[in-house]
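First up is the structure itself, then whatever we jot down about it.
Residue numbers (the working numbering): 2 to 90.
Laid out in structure tokens, this is it:
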């Protein structure tokens, strides 16, 4: 993945999280669904707090202003969705 022309390195879980959003553009994805998607086949446990941390880390890596995200948007009380700030190459 690139941000402002520079390569951004994502952990395996951050990458899988980003793929969930990319594969479901404009669809609101609940936290429960994200937890189900990220529960690794190898048994890597992802709980609600871990999900919050990974969303924060991913935003820090891909957003121009993580405090005001344009790529991964929070849908209050529901989950998250991919915003208009994402541009695929």
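The beta carbon of each residue, even a glycine, is placed where N, CA and C say it ideally should be.
My guess is that residue i and residue j are in contact by the Cβ rule of under 8 Å, so how many angstroms apart are they, rounded?
{"i": "residue 80", "j": "residue 30", "result": "5 Å"}
{"i": "residue 47", "j": "residue 59", "result": "About 13 Å separates the two Cβ atoms, so there is no contact after all."}
So, using beta-carbon positions, are residue i and residue j closer together than 8 Å?
{"i": "residue 63", "j": "residue 4", "result": "yes"}
{"i": "residue 21", "j": "residue 8", "result": "no"}
{"i": "residue 26", "j": "residue 83", "result": "yes"}
{"i": "residue 34", "j": "residue 49", "result": "no"}
Which residues does DSSP list as the beta-bridge partners of residue i?
{"i": "residue 73", "result": "83"}
{"i": "residue 31", "result": "80"}
Check each candidate in the options and name the one with the smallest Cα separation from residue i.
{"i": "residue 14", "options": "27, 53, 77 and 67", "result": "53"}
{"i": "residue 85", "options": "19, 77 and 70", "result": "70"}
{"i": "residue 51", "options": "18, 6 and 68", "result": "18"}
Is residue i near the ligand COA, judged by its Cβ being under 7 Å from some heavy atom?
{"i": "residue 84", "result": "As far as ligands go, the structure on display features none, and thus does not contain the ligand COA."}
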